[in-house]
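For the sequence shown, numbering that gives the first Met the number 0 gives the first residue as 0, with consecutive numbering after it.
All C-beta atoms in this analysis are idealised placements derived from N, C-alpha and C, irrespective of residue type, glycine included.
What follows is a single structure, written as structure tokens, with notes after it.
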Amino acid sequence: MMPVVTPARLQEFSLELATAVVQEFRDQPGALINALHKLQETIGYVDEAAMPVLAKLFNLSRAEVHGVASFYHDFRRSKPGRYTIRVCQAEACQAMGSEALSADIKKHLGCGFHETTADGNFTLEKVYCLGNCACSPNIMVDKQTYGRVSMESFKNLTAKLAGKALTSREGSK
Ligand code: FES
0 MMPVVTPARL
10 QEFSLELATA
20 VVQEFRDQPG
30 ALINALHKLQ
40 ETIGYVDEAA
50 MPVLAKLFNL
60 SRAEVHGVAS
70 FYHDFRRSKP
80 GRYTIRVCQA
90 EACQAMGSEA
100 LSADIKKHLG
110 CGFHETTADG
120 NFTLEKVYCL
130 GNCACSPNIM
140 VDKQTYGRVS
150 MESFKNLTAK
160 LAGKALTSRE
170 GSK
């Protein structure tokens, strides 16, 4: 296992922020997808409240923007946990037990794929090959890959991350 990663620095959603973020795509026909990606990169998801801003910018109806955002599974529609954990489900990781590992991880976190833990710390997602097959099974936490993951190392890692999240929440009070 590698060192604990620093959490991605996402910004809190506000209409002002969403409006500022998507401005660079003004006058770029067909750039709605890029604007949605930029929004997700900045705040971690595509907030429903940003739909009118995007509709106005691209001269579309809200329903059209909503349709595009819903069609692509890449776009999260709700606020993610502080950390996003992706568990590899592809062949090499499967051969090294990722299915059983996934089941144990879900049990340990108390949430399924595409869900967030009750404390808001972790969102669990699937991923298909992280390019680290020689060290299967692999997971990715935010942008950091961890190889040869066991349930014990997973529990240690998530305990450290939860501790960091708590410290950071207390520090911001
Ligand atoms: S199959 Fe999991 S990293 Fe390649």
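Set against 6 Å, the gap from the CB of A48 to the closest heavy atom of the ligand FES is not smaller. Contact annotation, L14 with V45: C-beta distance approximately 13 Å; criterion of less than 8 Å not satisfied. Environment of the ligand FES, chain-ordered: C87, A89, A91, C92, C128, L129, N131, C132, N137, taking every residue with Cβ within less than 5 Å of a heavy atom. The segment 57 to 69 makes no contact with the segment 99 to 113; the number of CB pairs closer than 8 Å stays below 3. Residue environment analysis places N137 among the buried positions, since at least 16 neighbouring C-beta atoms fall within 10 angstroms of its C-beta.
Runs of the beta strand (DSSP E) lying entirely within the segment 100 to 139 and spanning at least 3 residues, in chain order: 121 to 126.
DSSP places V45 in no beta strand (DSSP E); its state is neither H nor E. Positions of the alpha helix (DSSP H) runs, each at least 4 residues long and wholly inside the segment 57 to 102, are given as 61 to 70, 90 to 94 in order along the chain. E90 has its alpha-carbon roughly 25 Å from the corresponding atom of T115. As the crow flies, the alpha-carbon of T18 is around 41 Å from that of V148. Sequence-distant partners of V20 (beyond 5 residues in either direction) whose C-beta falls short of 6 Å from its own C-beta, in its chain, are K37, L38, T41. A94 counts as exposed, since fewer than 16 other beta carbons sit within 10 angstroms of its beta carbon. DSSP places Q143 inside the beta strand (DSSP E), whose first and last residues are 143 to 145.
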